[in-house]
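Let me begin by presenting the structure, written as structure tokens, before commenting on it.
Number of protein chains: 2
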Amino acid sequence: MTALISDPKSASVAADVRRALEQRPATGDRLDEIARYALLSPGKLLRPLLLVASAEAVGGAREDVLPAALAVEYLHVASLVHDDIIDGDDLRRGRASVHARYGVADAIVTGDALILGLFGAVADCAAPDAAVVAAVRVLAQAGEDLCRGQVQEALLVPPGPGVPGSGLDAYLEMASLKTGALFRGACRAGALLGGGSAAQADVVTAFAEHAGLAFQMYDDLLPFLADPAVTGKPGTSDAANLRPTYPVLLAHREGTAAERRGVERALSGELRAEAAYETLREVLVSGGALELAVAGAREEAARATADLGVLPVTGAAGLLAAIADLAVNRDH
Amino acid sequence: MTALISDPKSASVAADVRRALEQRPATGDRLDEIARYALLSPGKLLRPLLLVASAEAVGGAREDVLPAALAVEYLHVASLVHDDIIDGDDLRRGRASVHARYGVADAIVTGDALILGLFGAVADCAAPDAAVVAAVRVLAQAGEDLCRGQVQEALLVPPGPGVPGSGLDAYLEMASLKTGALFRGACRAGALLGGGSAAQADVVTAFAEHAGLAFQMYDDLLPFLADPAVTGKPGTSDAANLRPTYPVLLAHREGTAAERRGVERALSGELRAEAAYETLREVLVSGGALELAVAGAREEAARATADLGVLPVTGAAGLLAAIADLAVNRDH
Numbered sequence: 037m038t039a040l041i042s043d044p045k046s047a048s049v050a051a052d053v054r055r056a057l058e059q060r061p062a063t064g065d066r067l068d069e070i071a072r073y074a075l076l077s078p079g080k081l082l083r084p085l086l087l088v089a090s091a092e093a094v095g096g097a098r099e100d101v102l103p104a105a106l107a108v109e110y111l112h113v114a115s116l117v118h119d120d121i122i123d124g125d126d127l128r129r130g131r132a133s134v135h136a137r138y139g140v141a142d143a144i145v146t147g148d149a150l151i152l153g154l155f156g157a158v159a160d161c162a163a164p165d166a167a168v169v170a171a172v173r174v175l176a177q178a179g180e181d182l183c184r185g186q187v188q189e190a191l192l193v194p195p196g197p198g199v200p201g202s203g204l205d206a207y208l209e210m211a212s213l214k215t216g217a218l219f220r221g222a223c224r225a226g227a228l229l230g231g232g233s234a235a236q237a238d239v240v241t242a243f244a245e246h247a248g249l250a251f252q253m254y255d256d257l258l259p260f261l262a263d264p265a266v267t268g269k270p271g272t273s274d275a276a277n278l279r280p281t282y283p284v285l286l287a288h289r290e291g292t293a294a295e296r297r298g299v300e301r302a303l304s305g306e307l308r309a310e311a312a313y314e315t316l317r318e319v320l321v322s323g324g325a326l327e328l329a330v331a332g333a334r335e336e337a338a339r340a341t342a343d344l345g346v347l348p349v350t351g352a353a354g355l356l357a358a359i360a361d362l363a364v365n366r367d368h
Numbered sequence: 037m038t039a040l041i042s043d044p045k046s047a048s049v050a051a052d053v054r055r056a057l058e059q060r061p062a063t064g065d066r067l068d069e070i071a072r073y074a075l076l077s078p079g080k081l082l083r084p085l086l087l088v089a090s091a092e093a094v095g096g097a098r099e100d101v102l103p104a105a106l107a108v109e110y111l112h113v114a115s116l117v118h119d120d121i122i123d124g125d126d127l128r129r130g131r132a133s134v135h136a137r138y139g140v141a142d143a144i145v146t147g148d149a150l151i152l153g154l155f156g157a158v159a160d161c162a163a164p165d166a167a168v169v170a171a172v173r174v175l176a177q178a179g180e181d182l183c184r185g186q187v188q189e190a191l192l193v194p195p196g197p198g199v200p201g202s203g204l205d206a207y208l209e210m211a212s213l214k215t216g217a218l219f220r221g222a223c224r225a226g227a228l229l230g231g232g233s234a235a236q237a238d239v240v241t242a243f244a245e246h247a248g249l250a251f252q253m254y255d256d257l258l259p260f261l262a263d264p265a266v267t268g269k270p271g272t273s274d275a276a277n278l279r280p281t282y283p284v285l286l287a288h289r290e291g292t293a294a295e296r297r298g299v300e301r302a303l304s305g306e307l308r309a310e311a312a313y314e315t316l317r318e319v320l321v322s323g324g325a326l327e328l329a330v331a332g333a334r335e336e337a338a339r340a341t342a343d344l345g346v347l348p349v350t351g352a353a354g355l356l357a358a359i360a361d362l363a364v365n366r367d368h
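Read top to bottom, the protein sequences are chains A and B.
Just add 36 to the spot in the first sequence (first one is 1) and you have the numbering used here.
Just add 36 to the spot in the second sequence (first one is 1) and you have the numbering used here.
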């Protein structure tokens, strides 16, 4: 999402967030070193951007909510660190994942420390105590929803030979929890800490609901669009884990009998990861499901921006709209 | 710690905490099922007891802080769930550990959800927002210290042949982080949520500092005192993980040359777990280090109770003293 960072407004927010991440007080011990490694990898800082833009869109000041912007990045990075352990992914953003570099034990504990630290960070915001308590509640709930989505994800049955699988609807419900939750939490916490009304908080929450789903839908497409060297993770990871993702489930639902069989074969566990990936890619590209999936993600992004016009600060509301737009127009 | 539960005051607190744990709103999904399994195992509920007793000792009402009492149990249980994964312990409190029963992936995620949920629970306390924010900060810091202790623990070098090891002081520093942190967090958060003054919060924090260390010191002795069928975990676990614990390090520092060699041999990795454990037990019992270690733990517990007399509610302060006393007079 280099395009996003070249937008002057988002670039300035991202620079502030990155500076704050780099300037976290160092304790110099091993936990600190590992947390730094995890946090300072070249990520998109999308969730901090969402939090700051939501706060500014309701009239809040960036510097007052910056600690909470770090907090949502802690939560996101913690979930990535633990996810990589669970999936056995040794690469993340083009370099060794935390457990590949520091071992599983310390990777588990570092993720825990980031989750704990996020609430300390929220408490550091310059906002009334009532708003801080509300934000704590929102982010705890968002995190729990994220966890619920992760557990649900593992329960989704791939459409195997003769097995219909859990289907697209169950998948999208899971994605709404797994990715949507933190988008919602970031935007809602931002609006509350920024002094927004309940109605304004609801507007950014609805935005986040759709934007999060759009982001996840498009994220699922990327392995079939982009070069793994660019995305920084192997395109075959989901296929290797036999994960039925959005475009794959769409192809299975909308495709011809032959395409359906191709999907089932790819997710059956009989093929090696590379062959499974190539089979899926062939079905998705030639059958047209990939194109359909892109259109679906962009419709969801358009839904996200529908009500942003009611927010008082149009520049920041425009940044939210730009984020939704760029979420479904990126190459990594 | 059956003796603790037979004390009428602590039994009544424990019953309230257990009822609140059982009455958590059920979502009925898999994450909920796993969290219930983890939380409802027959633990001592020591940290909730500490939180409630600290709140009551400064004049607070039990029902107002009960959600925070659950919160510290969430944090403790989350750390046990993740610890068991790290140590490969398939037994906990006499039954299958969470990862042994539900798999590593869901055990990691359930621990995360408990850590997140704890902050939602703190926000549910009937206390002024400022006290809730202060308690959030205290518990986030306590959790981070616990994580720091876990990472430090893995770095402690066992005293091997020709290697002095990290020694007793480094071990006790780690124990103060790993176990002491959550004792401190529970007591301090309880005093703050119970409406205590800063000075009163400092008194219970100092109590917790010593009581936590005493508890960990005595916990380290238990595998050499008690029957594994009673403690609910194999007595050989620390020996199998080549962990130099308090009595072992004491024997190494205070023992004869032969005893020192025995310890080094047991922790060298050359013996099978059972043989290593038996070697350590023999050294500790016959050399007198076990007796010395018991005395050390009890001195630490006595230090804990020294200043409790200044707290206004003597019944609850007495419960704190009883907890410290029973922490070093138990058989499991």
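For each residue, glycine too, the CB sits at the ideal point set by N, CA and C.
Pick helix, strand or coil for R334/A, following the three-state DSSP scheme. Within the first sequence, numbered from 1, the residue matching residue 334/A stands at position 298. In the three-state scheme derived from DSSP, where H, G and I count as helix and E and B as strand, R334/A is classed as helix.
Under DSSP, the alpha helix (DSSP H) around T350/B begins and ends at which residues? The residue you call residue 350/B lines up with position 314 of the second sequence. Note, T350/B: alpha helix (DSSP H), 350-363.
List the whole-angstrom C-beta distance separating V134/B from A62/B, where the pair is believed to meet the contact cut-off of C-beta under 8 Å. On the second sequence, position 98 is the one that residue 134/B refers to. On the second sequence, position 26 is the one that residue 62/B refers to. Actually they are not in contact, since the Cβ atoms of V134/B and A62/B sit about 18 Å apart, beyond 8 Å.
In chain B, what lies closer than 7 Å to H8/A by C-beta? The structure shown does not extend to residue 8/A, since chain A spans only 37 to 368, so no value can be given for it.
Helix, strand or coil for R60/A? Go by DSSP, reduced to three states. Position 24 of the first sequence holds residue 60/A. Here R60/A sits in coil by DSSP.
Can a CB atom of chain B be found closer than 7 Å to the CB of A132/A? Counting from one through the first sequence, the residue named residue 132/A turns up at place 96. Under the Cβ criterion of 7 Å, A132/A is not counted among the residues facing chain B.
Which first and last residues belong to the alpha helix (DSSP H) in which P283/A is found? Walking along the first sequence from the start, residue 283/A turns up at place 247. Run containing P283/A: 282-290, per the alpha helix (DSSP H) assignment.
Give me the DSSP bridge partner(s) of L127/B. Within the second sequence, the letter at position 91 stands for residue 127/B. L127/B is bridged to A132/B.
Output the distance between the C-alpha atoms of D205/A and G232/A, rounded to the nearest integer angstrom. For the purposes of this step, residue 205/A is taken as the residue at position 169 of the first sequence. For the purposes of this step, residue 232/A is taken as the residue at position 196 of the first sequence. Distance between the alpha carbons of D205/A and G232/A is about 33 Å.
Span of the alpha helix (DSSP H) holding E245/B? The residue you call residue 245/B lines up with position 209 of the second sequence. In the DSSP assignment, E245/B falls within the unbroken alpha helix (DSSP H) covering 234-261.
Would you call the CB atoms of A107/B and V169/B closer than 7 Å? Start at 1 with the first residue of the second sequence, and residue 107/B comes out as number 71. Start at 1 with the first residue of the second sequence, and residue 169/B comes out as number 133. No, these two residues do not count as a Cβ contact at 7 Å.
If you follow the alpha helix (DSSP H) that S202/B is part of, which residue opens it and which one closes it? Start at 1 with the first residue of the second sequence, and residue 202/B comes out as number 166. Here S202/B belongs to no alpha helix (DSSP H), and DSSP marks it neither H nor E.
Report the neighbours of C183/B on chain A: residues whose CB is nearer than 8 Å to its CB, in chain order. Residue numbering aside, residue 183/B sits at position 147 when the second sequence is read from its first letter. The answer, in chain order, is L67, V145, T146, D148, A149, L152.
Cβ shell of L154/A (< 6 Å), same chain only, five flanking positions each side left out: Numbered from 1 along the first sequence, position 118 holds the residue referred to as residue 154/A. Cβ neighbours of L154/A beyond the five flanking positions: A107, Y110, L111.
Going by C-alpha distance, which of R184/A, V88/A, L208/A is nearest C161/A? Here the question's residue 161/A lines up with position 125 in the first sequence. If we check each option's Cα against that of C161/A, V88/A comes out closest.
Going along chain D in order, which residues have a C-beta closer than 7 Å to the C-beta of F155/A? Of the protein chains in this structure, namely A and B, none is chain D.
Roughly how many whole angstroms lie between the Cα atoms of A357/B and A143/B? Position 321 of the second sequence, counted from the start, is the residue given in the question as residue 357/B. Position 107 of the second sequence, counted from the start, is the residue given in the question as residue 143/B. Taking the straight line joining both Cα atoms gives about 35 Å.
Looking at the unbroken alpha helix (DSSP H) that takes in C183/B, where does it start and where does it end? In the second sequence, residue 183/B corresponds to position 147, counting from 1. Here the alpha helix (DSSP H) through C183/B covers 165-191.
Looking only at C-alpha atoms, which of D52/A, R54/A, L86/A sits nearest to L229/A? If you number the first sequence from 1, residue 229/A lands on position 193. If you compare the alpha carbons of D52/A, R54/A, L86/A with that of L229/A, the shortest gap goes to L86/A.
Classification of A163/A by the beta-carbon crowding that lies within 10 angstroms, buried from 16 upward: In the first sequence, residue 163/A corresponds to position 127, counting from 1. The residue in question, A163/A, is buried, as its Cβ has 16 or more Cβ neighbours within 10 Å.
In this structure, how does DSSP classify L81/B when only helix, strand and coil are distinguished? Looking up residue 81/B in the second sequence gives position 45. Secondary structure of L81/B (DSSP, three-state): coil.
Between the CA atoms of L303/B and A167/B - distance to the nearest angstrom: Here the question's residue 167/B lines up with position 131 in the second sequence. Here the question's residue 303/B lines up with position 267 in the second sequence. Cα to Cα, the separation comes out at about 46 Å.
Just verifying my parser: in three-state terms, what is the DSSP assignment at A47/B? Position 11 of the second sequence, counting from 1, holds the residue named residue 47/B. Correct three-state label for A47/B: helix.
Chain-ordered chain A contacts of D52/B [CB-CB under 9 Å]: Here residue 52/B refers to the residue found at position 16 of the second sequence. Those do not exist, as D52/B stays about 23 Å from chain A at its closest Cβ, beyond 9 Å.
Flag A39/A as yes if its beta-carbon sits less than 7 Å from any beta-carbon of chain B, otherwise no. In the first sequence, residue 39/A corresponds to position 3, counting from 1. In this predicted model, A39/A has a pLDDT of only 43, less than 50, meaning its place in the structure is not dependable; the value taken from the coordinates is given anyway. False, the Cβ-Cβ gap to chain B never drops below 7 Å.
Could you work out which residue in A141/B, T281/B, T315/B, G345/B is closest to A294/B when comparing CA atoms only? Along the second sequence, read from residue 1 onward, the residue named residue 294/B stands at position 258. Considering only alpha carbons, the answer is T315/B.
Proximity winner among D343/B, H118/B, R173/B, relative to A149/B (alpha-carbon distances): Position 113 of the second sequence, counting from 1, holds the residue named residue 149/B. A149/B has its Cα closest to that of H118/B, out of D343/B, H118/B, R173/B.
Whose C-beta lies closer than 7 Å to the C-beta of D52/A among residues of the same chain, with five residues either side of it excluded? In the first sequence, counting from the first residue as 1, residue 52/A sits at position 16. Taken in chain order, the residues that qualify are R98, L102.
Stretch-stretch touch, CB-based, cutoff 8 Å, three pairs: the stretch 251-260 of chain A with the stretch 309-325 of chain A: Three or more beta-carbon pairs drawn from the stretch 251-260 of chain A and the stretch 309-325 of chain A are found closer than 8 Å, and the two stretches are therefore classed as touching.
Looking at the secondary structure, which residues open and close the alpha helix (DSSP H) in which A309/B lies? Residue 309/B sits at position 273 when you count from the first residue of the second sequence. Per DSSP, A309/B belongs to the alpha helix (DSSP H) from 309-323.
Cα-Cα separation, D68/B to L286/B: Position 32 of the second sequence, counted from the start, is the residue given in the question as residue 68/B. Position 250 of the second sequence, counted from the start, is the residue given in the question as residue 286/B. One C-alpha to the other measures close to 43 Å.
Under 9 Å between beta-carbons, which chain B residues line up against L102/A? List them in chain order, please. As a position in the first sequence, residue 102/A is number 66, starting the count at 1. Chain B residues near L102/A: none, gap ~17 Å exceeds 9 Å.
Can you name, in chain order, every residue of its own chain whose Cβ lies under 6 Å from the Cβ of V240/B, other than the five neighbours on each side? Your numbering for residue 240/B matches position 204 in the second sequence. Taken in chain order, the residues that qualify are S90, C223, A227.
Contact residues within the stretch 196-225 of chain A, judged by C-beta distance below 8 Å to chain B: none
Excluding the 5 residues flanking I359/B on each side, which residues of the same chain have their C-beta closer than 8 Å to its C-beta? Reading the second sequence from its first residue, position 323 is the one you call residue 359/B. Within the same chain, I359/B has close Cβ partners L40, S46, L82, L85, L86, A89, A247.
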